[in-house]
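Each residue of the sequence shown is one higher than the one before, starting from 7 at the first, in the numbering used here.
All residues carry an ideal CB built from backbone N, CA and C; glycine is no exception.
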Amino acid sequence: MICWSTIETVCPMCGCQLHVREAGGCDVLGQDTDLLIRTRAPHVIRVEIHSCPDCRFSGYSSDFLGGRVVALTIETYFREYIEKLKDDCEADCSSGDPPTHLQYYWAGLLSPLLGYEPLETGMKMLRAYWSLRLDAPDSLDEASLDGLRHRYLCQAIAFLRKSLRKEKNPAYLYLVGELCRRNGNWMHSQNYFNRFLARSSRPRHLRNAATLLIQRARRRDSSHLGMEELLYPSRNQSNVIEAPEEDRGS
Ligand SMILES: [Zn+2]
7 MICWSTIETV CPMCGCQLHV REAGGCDVLG QDTDLLIRTR APHVIRVEIH SCPDCRFSGY
67 SSDFLGGRVV ALTIETYFRE YIEKLKDDCE ADCSSGDPPT HLQYYWAGLL SPLLGYEPLE
127 TGMKMLRAYW SLRLDAPDSL DEASLDGLRH RYLCQAIAFL RKSLRKEKNP AYLYLVGELC
187 RRNGNWMHSQ NYFNRFLARS SRPRHLRNAA TLLIQRARRR DSSHLGMEEL LYPSRNQSNV
247 IEAPEEDRGS
């Protein structure tokens with residue numbers, strides 16, 4: 007289980023009062039498709055994101071508490087950004103928070119404005135993609151879901167590729183390779199997996215996985231299948247009983 011504390015604050019953009027959650031603990035069970043950390047429900051990424059109910063400014067609790075926003079940013083937000091945060095899916099935002107995937111997408115769009123590095127922006131877009139797997143809204147049909155998955159994957163891949171110019175941890179090469187495979191970018195996928203194998207001798211389970219996923223990328227037949235479904239088909243079956251939420255729409 008996870009726990010969090012709730013803090014009352016105001017939106018740094020418009021001054022609207024709201025509550026944010028600071029997550030305090032996370033029972034990590036392992037790593038799932040695309041390196042998403044698996045936890046017992048509710049997943050930690052569901053409680054870490056917040057949106058202002060008035061102006062839709064979105065981010066982590068630190069974005070609402072940390073004084074990161076300066077006057078110039080506020081002006082730019084209302085002049086250039088707020089229009090980008092539209093409900094372009096059929097989400098019902100009238101009752102409570104918007105769907106988690108949309109909150110992460112909005113946070114990702116705002117991320118460069120707040121001065122975050124491409125790695126941070128890419129991870130927010132990736133969390134938007136992950137959120138669709140954890141909480142796919144019932145109101146969205148399969149075509150709409152596919153469109154959103156593709157949009158979030160493209161954004162995540164673009165920013166994470168940019169981050170690789172600075173990022174030294176080879177696990178991100180693996181991550182980009184896997185996201186490219188999920189997006190059907192087969193050549194890019196093989197390229198990033200090969201770069202990961204050339205750069206890193208550890209961890210061993212990721213090297214074994216990369217070798218197998220390169221073969222699947224060559225066959226161009228598996229973008230609809232998650233990493234875990236390809237690597238651990240028997241374990242995936244047992245997860246249907248143990249952790250049903252992880253199997254939805256992956
Ligand atoms: Zn606001």
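- Considering only Trp136, Gly183 and Lys168, the residue with the shortest C-alpha distance to Ile51 is Trp136.
- Excluding the 5 residues flanking it on each side, Gly65 has same chain C-beta neighbours closer than 6 Å at Ala113, in chain order.
- A distance criterion of 7 Å places the beta-carbon of Cys20 in contact range of ligand 1, judged by its closest non-hydrogen atom.
- A Cβ-Cβ separation of about 13 Å leaves Ser67 out of contact with Gln109 under the 8 Å criterion.
- Cβ neighbours of Thr82 within its own chain (closer than 8 Å, five residues either side excluded): Leu119.
- Assignment of Arg224 by DSSP, reduced to helix, strand and coil, places it in the helix class.
- Every alpha helix (DSSP H) of 4 residues or more that sits fully in the region 187-240 is shown, in chain order, as 192-205, 210-225 and 233-237.
- Boundaries of the alpha helix (DSSP H) around Glu148: Glu148 to Ser169.
- Leu185 is a Cβ neighbour of Leu159, given a cutoff of 8 Å.
- Rounded to whole angstroms, His156 and Thr79 show a C-alpha spacing of 29 Å.
- Closest in alpha carbon position to Leu132, among His194, Ser145 and Leu154, is Leu154.
- Looking at the DSSP output, Ala142 shares a beta bridge with no other residue.
- Around the CB of His49, 16 or more other CB atoms lie within 10 Å, so the residue is classed as buried.
- In its chain, beyond the 5 residues on either side, Pro18, Ser68, Leu120 and Gly121 have a beta carbon closer than 8 Å to the beta carbon of Arg74.
- Within 10 angstroms of the beta-carbon of Pro143 lie 16 or more other beta-carbons, which makes it buried.
- The closest heavy atom of ligand 1 lies 7 Å or more from the beta carbon of Asp103.
- When secondary structure is reduced to three states using DSSP, His49 falls in the coil class, being assigned neither helix nor strand.
- A distance criterion of 7 Å places the beta-carbon of Asp60 in contact range of ligand 1, judged by its closest non-hydrogen atom.
- Residue state for Leu42 is assigned as coil, using DSSP reduced to three classes.
- Sorting Ile55, Leu179 and Ala204 by C-alpha distance to the C-alpha of His194 places Leu179 at the top.
- Taking a 10 Å sphere around the C-beta of Glu234, we find 16 or more other C-beta atoms and assign the residue as buried.
- Going by DSSP, Glu81 is part of the alpha helix (DSSP H) stretching over Ala77 to Thr82.
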